[in-house]
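Notes for the one structure printed next.
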Amino acid sequence: MLDVFSTSSISENFSPPTAPPPPSPAVSRYELQKRRDWNTFGQYLKNHKPPLILSRCSGANILEFLKYLDQFGKTKVHNCCCPFFGHPQPPAPCTCPLKQAWGSLDALVGRLRAAFEENGGRAETNPFGARAVRLYLREVRDSQAKARGIAYEKKKRKNNKRHFQEQEKEGDKNLKLP
1 MLDVFSTSSI
11 SENFSPPTAP
21 PPPSPAVSRY
31 ELQKRRDWNT
41 FGQYLKNHKP
51 PLILSRCSGA
61 NILEFLKYLD
71 QFGKTKVHNC
81 CCPFFGHPQP
91 PAPCTCPLKQ
101 AWGSLDALVG
111 RLRAAFEENG
121 GRAETNPFGA
131 RAVRLYLREV
141 RDSQAKARGI
151 AYEKKKRKNN
161 KRHFQEQEKE
171 GDKNLKLP
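Numbers 1 to 178, taken from the UniProt record's numbering, label the letters of the sequence shown in order.
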């Protein structure tokens, strides 16, 4: 007669629950965006006619990718013949194209440059660091600034020692009695 309550068959087919795997460390927003951008660029290479291979990519291919992204842009960039060219806040709508903002492109190139090297690429062959890409980004920055009527000026870093001395002098002025 078969013993229904036998523990031998239960122990053979049943294993106690194992502890869940330890949680992976939280991935930063930057790392997630970098991975997403890298995958998007990979899809672009795959869908390109003819398909491109990463090892054969040049600065020209990166420029083509950046220009392709303009179709998804949300920044109005006025043409030089537009009546609102040079106006930071135009009073009426116009037909000028929407493009990717310079800051978005600059950040994207930075993330892709890092991702290229993290995925086995050598820094000296990184197409995202090509001179043509840097010049293109500078051209986009300047043309978008002109279109909005705002000159781009690089922020200057304050010398901490000089900044501290200026703060100290201002404090001394406040301490003097009239």
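No residue lacks a Cβ here, since even glycine has one placed at the ideal position from N, Cα and C.
The beta-carbon distance between Gly73 and Leu112, rounded to whole angstroms, is 17 angstroms. This is too long to meet the 8 angstroms contact definition. Annotated as proximal: Cys94 and Phe84, with beta-carbon spacing under 7 angstroms.
Counting along the chain, the unbroken alpha helix (DSSP H) around Ile62 starts and ends at Gly59 to Leu69.
Secondary-structure assignment with DSSP links Leu98 through a beta bridge to Lys76.
The Cβ neighbour count for Arg131, taken over all protein chains shown within 10 Å, is under 16; the residue is labelled exposed. Contact annotation, Pro127 with Asn79: C-beta distance approximately 30 angstroms; criterion of less than 8 angstroms not satisfied.
Residue range Arg29 to Asn47 is occupied by the alpha helix (DSSP H) that includes Phe41.
Classified as buried, Arg148 has 16 or more neighbouring CB atoms from the shown chains inside 10 Å of its CB.
Contact between Val109 and Leu63 is absent: CB atoms are separated by about 10 angstroms, not below the 8 angstroms threshold.
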